[in-house]
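Novice:
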Amino acid sequence: MERLYAPWRLNYITGGAPKKAGPTGCIFCDRPAEVEEKDAENYIVRRGAVCYIILNAFPYNSGHVMVLPYRHIASPTELTAEEGCEMMQLTAAMTDVLTGIYRPDGFNIGMNVGAAAGAGIAAHLHMHIVPRWNGDTNFMPVIGDVKVLPETLPQTYEKIVRYFEQNGQ
Ligand SMILES: [Zn+2]
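At position 18 of the sequence shown (counting the first as 1) the number is 0 in the numbering used here, and the numbers step up by one without a gap.
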């Protein structure tokens, strides 16, 4: 599916495109391994002790984020108790934040485990959080095979980080 960032399409093409994998060959390992000063450009919105939250570079909706362990593991069975616990704590905090900012009508929260299940990066486990609004699956994605997002990734990033700061979470 093509994603259309009108009217910021040019901006997306020239500046917003996601980076390629770096030294480890896994973007989910590379991004948090970089210094925290780069968190904004890496779209890392929150760092926990063993897990972190990052914006999805190809969002299904504005506010689509992922919660994942720092550790390069592929299956929930490999999660430690601490990782599993923090993954759910960050997921809960993130749904609060997204509710506060976007007032969605619901969420899709879940993991695609393995390439056969649709995981884009199957080697590194990640939980998707996708805000949903009544009627958000409209004629554009269905008929036009194009998704219109109302804001850019940097705008989404700013909103989420500011909300976390202001609400002391
Ligand atoms: Zn990884």
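Each residue gets a CB set at the ideal place from its N, CA and C atoms; glycine is no exception.
Please classify N90: does DSSP put it in a helix, a strand, or coil?
Specialist: N90 falls in the strand class under three-state DSSP.
Novice: Could you check if A6 belongs to the surroundings of ligand 1, using beta carbon to heavy atom distance under 8 Å?
Specialist: One point to set straight first is that residue 6 is Thr, not Ala, in the sequence displayed. T6: yes, Cβ under 8 Å from ligand 1.
Novice: Could you give the C-beta distance for P51 and V32, rounded to a whole number, given that I count them as a contact under 8 Å?
Specialist: At roughly 6 Å, the Cβ-Cβ gap stays under 8 Å, so P51 and V32 are in contact.
Novice: Does the Cβ-Cβ distance between V27 and M109 come in under 9 Å?
Specialist: It is not a contact, given that the beta carbons lie outside the stated cut-off.
Novice: Within a Cβ cutoff of 6 Å, which residues of the same chain sit near Y84, ignoring the five residues on either side of it in sequence?
Specialist: If we look at Y84 and ignore the five residues flanking it on each side, its Cβ neighbours are G45, P113.
Novice: How far does the beta strand (DSSP E) with I103 in it extend, from its first residue to its last?
Specialist: It is not in any beta strand (DSSP E) - I103 carries neither H nor E in the DSSP assignment.
Novice: Do N90 and N104 count as a contact pair if the criterion is CB distance below 9 Å?
Specialist: Before going on, a small fix: residue 104 reads as Ala here, not Asn. No, the pair does not count as a contact, with Cβ atoms beyond the cut-off.
Novice: By the three-class DSSP mapping on this structure, what secondary structure does C33 have?
Specialist: Three-state DSSP puts C33 in a strand.
Novice: Just to confirm before moving on: does the CB-CB distance between A22 and Y139 stay below 9 Å?
Specialist: Cβ atoms of A22 and Y139: closer than 9 Å.
Novice: Do you know how far the Cα of T59 is from the Cα of P5?
Specialist: Whole-angstrom Cα-Cα distance: 26 Å.
Novice: Secondary structure at A56, three-state DSSP: helix, strand or coil?
Specialist: In this structure, A56 counts as coil in the three-state DSSP scheme.
Novice: Which first and last residues belong to the alpha helix (DSSP H) in which V79 is found?
Specialist: Per DSSP, V79 belongs to the alpha helix (DSSP H) from 63 to 84.
Novice: Ligand 1 heavy atoms versus the CB of H106: any closer than 8 Å?
Specialist: At least one heavy atom of ligand 1 is nearer than 8 Å to the Cβ of H106, so yes.
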